[in-house]
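K.L.:
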Amino acid sequence: MDKSTIICRCEEISYEEIEDVLTNGATTFDDLKRLTRCGMGPCQSKICHSLVADMIHEKTNTPYFQIPLPRMRMPLSPIKLETLATNSTSFSSVKSVMDEVELEDGKVR
Amino acid sequence: MHIQQHPVLGGQLQKPVTIYFNDQPYKAYEQQTVAAALMANDIKRLGLSRNLVQPRGLFCTRGRCCSCYMTVNGEDHVRTCMVKVEEGMKIYPNDEDPDVRREFCGD
Amino acid sequence: METDILIIGAGPAGLAAAFETASKGLDVTIVDESLTMGGQLNQQTQVIPSLPSSFQSMRGFEWAAHLTNQLKEYDIRYLLSHRVIGFYKDGSVGITDEQEVFAVKAKKIIVATGAAENAVAFPKWTLPGVMTIGAAQTLINRDFVQPGKEAVIVGSSDFALDAALQLSEVGVHVKGFIEKNAGILSRDLEKIEQVKKIGIPIHLDSFIKEARGIGAVEEIDIQIGTRVFTEKVDLVCVDGGRSPILDIFYQLGCSFGYQKELGGWVPQYNHQFQTDREDIFLAGNAAGISTQGVLLVTGMLAGINACEAVGAITKTIADEEKDFLWKELEILETKYNPTIWEARNRHMENFAYPVIKEQFLS
């Protein structure tokens, strides 16, 4: 494949950039994320994960069953912070962030 | 192009609405999503990529790829394949990172 | 909000599970991101060939309507245009209507999130006008929009053939299939014949070398062996196959097993369609990519197992219904693709020896 081909649409990471990291010892999708930001854009690797698995398979001769899935974090799809923070009393991590925000007349100061 | 007569489903497009893309009016139909309605009007470039500044458009229609992000009625980064058109909707392309909006409180 | 059974996904599997659980008197809640029930069936205008014996043959959208209608007499809570964004520590599900996030506590959850299309990459595949075959099908059959005038299809699965035929019917000139393998992937001889009849060439051992265009795709270079030729197109539909949608299982801490024939990584599950979290069942393409009839039967099985688990039906009744459905499942799955049935059985046998969870920690 042409090396300039984009693999990660969101962060615009090319075949060459991923190949480079794989030849330098990366073995998992999470390695690639940390080194290139591949899969860390708004789609959170929903589109590129199979392309990346193919590359890991080809470049490192790893069988597919040994290529772990990328980590899938909450929130599972894009959401407004404003929406995420509603009813946050039972959801401590958002609440802790929101508690640090100083409000004035209900608006962020 | 709108499909007025579908080979299996027949005429399904009934309620037209007007939407505005870059302040220009376009015809859409009520059951269409924003991205689909724009495509019917031959508008395929919905935004630009952040880094290489390359055109982006509808890709998955399932709300997964985020390629169809646009600014709709003042809200940025709306997945336009998941939102239906509404009369008078104002749509702008997702061409650059939006400014952080901040309401100033007096000082 | 509390409910007996929460079903995530309102496609054929989710709706079948809803029928099984609601008809046994359970309190059922269905959540789906889209506005309509039926999932991807809604834009399938082709006749679905693989329905269970008790169904007459129908088109995808007709079947979606049928599955929706059979739920009418039950008091089911529908959370349409809602999506699951994660899970709370106590196991309740975080659901948003885009205005706020609220928790739903369910006794059992049936995850029927379906499949996602895999991408195919080539230089400038990011150009507008390049989309998945599912996207093209959605545009023509749900939004009634013609996505282009001249198209090529990358791939040659049943699904790709359907998309090409439907695009042709609405007036798109489909200029060819571009298949990287040496043979056509579809096993549906009738459909292949149909495609050939309307004169769509199928290029084997071929791929898109490059796409070009200003603002949208305008032309592509197709390489077949050492020969390269240029085709003017404004629509490129890519079919990279499909894989189960796993993010919800991942969030729940379920373990996974790899089965190529089922679409790659699949949540581990046993004969009860139960994951290694005993309150979580699964159904449909999320349990392995298969034909539509199979999705329905897995939904029914998951529903009956969930009913049994909460004590809504006795083991005797459940076993009787399940015996019948497993036979049906075997017939349907072996009829169209016996390797999927074998992979499914292998996968379920592996349940006792799950892939180490630690491999997912990093």
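Chains as they are written, first to last, in our numbering: chain A, 1 to 109; chain E, 1001 to 1107; chain X, 2001 to 2362.
Note that CB positions come from ideal geometry on N, CA and C, so glycine has one too.
Keep in mind it's a predicted model, so treat the numbers as computed, not measured.
With 9 Å as the C-beta to C-beta threshold (strictly closer), list the residues of the region 36-50 of chain A near chain X in chain order.
P.N.:
Here the close residues are Gln-44, Lys-46, Ile-47, Cys-48, His-49 and Ser-50.
K.L.:
Straight-line CA distance for Tyr-15(A) to Ser-1049(E)?
P.N.:
Computed Cα separation, rounded: 17 Å.
K.L.:
Leu-84(A) to Gln-2099(X), Cα distance in whole Å?
P.N.:
Approximately 9 Å between the Cα atoms of the pair.
K.L.:
What would DSSP say about Pro-2052(X), mapped onto helix, strand or coil?
P.N.:
coil
K.L.:
By how many angstroms is the C-alpha of Glu-2219(X) removed from the C-alpha of Arg-2227(X)?
P.N.:
16 Å
K.L.:
Which term fits Gly-1010(E), buried or exposed, when burial requires 16 or more other beta carbons within 10 angstroms of its beta carbon?
P.N.:
exposed
K.L.:
Using a C-beta cutoff of 8 Å, does Ser-2362(X) count as contacting chain A?
P.N.:
Here the model assigns Ser-2362(X) a pLDDT of 48, short of 50, so the residue's position is not dependable, and the following value carries that caveat. Chain A, which has a Cβ nearer than 8 Å to the Cβ of Ser-2362(X), makes this yes.
K.L.:
Indicate whether at least one CB of chain X lies closer than 8 Å to the CB of Ala-1040(E).
P.N.:
By this cut-off, Ala-1040(E) is an interface position.
K.L.:
Anything in the region 65-79 of chain A with a Cβ closer than 7 Å to a Cβ of chain E? List those residues in chain order, please.
P.N.:
Ser-77 and Pro-78
K.L.:
Using only alpha-carbon positions, find the residue among Ala-2112(X), Phe-2019(X), Ile-2005(X) and Ser-2081(X) that is nearest to Asn-2285(X).
P.N.:
Ala-2112(X)
K.L.:
Residue range of the beta strand (DSSP E) that Glu-1096(E) falls in?
P.N.:
Careful: Glu-1096(E) lies outside any beta strand (DSSP E) and carries neither H nor E.
K.L.:
Under a CB-based cut-off of 8 Å, is Ser-96(A) close to chain X?
P.N.:
Residue confidence for Ser-96(A) is low, a pLDDT of 48 falling below 50, so the modelled location carries little weight and cannot support an answer.
K.L.:
Any residues in the region 2120-2143 of chain X with a beta carbon nearer than 9 Å to a beta carbon of chain A? Which ones, in chain order?
P.N.:
Val-2120, Ala-2121, Phe-2122, Pro-2123, Lys-2124, Trp-2125 and Thr-2126
K.L.:
Between the region 2283-2303 of chain X and the region 2243-2258 of chain X, can you find at least three pairs of beta-carbon atoms closer than 8 Å?
P.N.:
Because the criterion of three Cβ pairs below 8 Å is met, the region 2243-2258 of chain X and the region 2283-2303 of chain X touch.
K.L.:
Output the distance between the C-alpha atoms of Cys-2254(X) and Lys-2072(X), rounded to the nearest integer angstrom.
P.N.:
33 Å
K.L.:
For a cutoff of 8 Å on Cβ pairs, would you count Asn-1051(E) as touching chain A?
P.N.:
Yes, Asn-1051(E) counts as interfacial toward chain A.
K.L.:
According to DSSP, simplified to helix, strand and coil, what is Cys-43(A)?
P.N.:
coil
K.L.:
Leaving out the 5 sequence neighbours to the left and right, which residues in its chain are closer than 6 Å to Ala-2064(X) when beta-carbon positions are compared?
P.N.:
Gly-2038, Leu-2041 and Asn-2042
K.L.:
So, is the C-beta of Arg-1045(E) closer than 8 Å to a C-beta in chain A?
P.N.:
no
K.L.:
Quick check on DSSP: helix, strand or coil for Ser-1953(X)?
P.N.:
Since the first residue of chain X shown is 2001 and the last is 2362, residue 1953(X) is not available in this structure.
K.L.:
Grouping DSSP H, G and I as helix and E and B as strand, with all else coil, what is Cys-2307(X)?
P.N.:
helix
K.L.:
Quick one, are the C-beta atoms of Leu-2139(X) and Met-1039(E) less than 8 Å apart?
P.N.:
yes
K.L.:
Excluding sequence positions up to five away, which residues of its chain have a Cβ less than 8 Å from the Cβ of Ser-92(A)?
P.N.:
At Ser-92(A), the pLDDT of 49 sits below 50, so the modelled position is not reliable; the number obtained from the coordinates is stated separately. Closer than 8 Å at Cβ, skipping near neighbours: no residue.
K.L.:
Output the boundary residues of the alpha helix (DSSP H) element that contains Gly-2134(X).
P.N.:
Taken as a continuous stretch (DSSP letters only), the alpha helix (DSSP H) holding Gly-2134(X) covers 2133-2141.
K.L.:
Closer than 6 Å by C-beta to Asp-2162(X): which residues in its own chain qualify, once you throw out the five before and the five after it? Chain order, please.
P.N.:
Gln-2046
K.L.:
Run through the DSSP bridge pairs and tell me what Cys-123(A) is partnered with.
P.N.:
With chain A running from 1 to 109 in the structure shown, residue 123(A) is simply not present.
K.L.:
For His-2271(X), is the classification buried or exposed, using 16 other Cβ atoms within 10 angstroms of its Cβ as the cut-off for buried?
P.N.:
exposed
K.L.:
Which residues does DSSP list as the beta-bridge partners of Val-1072(E)?
P.N.:
Glu-1075(E) and Ile-1091(E)
K.L.:
Excluding the 5 residues preceding and the 5 following Gln-66(A) in the sequence, name in chain order all residues of the same chain whose CB lies nearer than 6 Å to its CB.
P.N.:
none
K.L.:
Helix, strand or coil: how does DSSP classify Glu-2342(X) here?
P.N.:
helix
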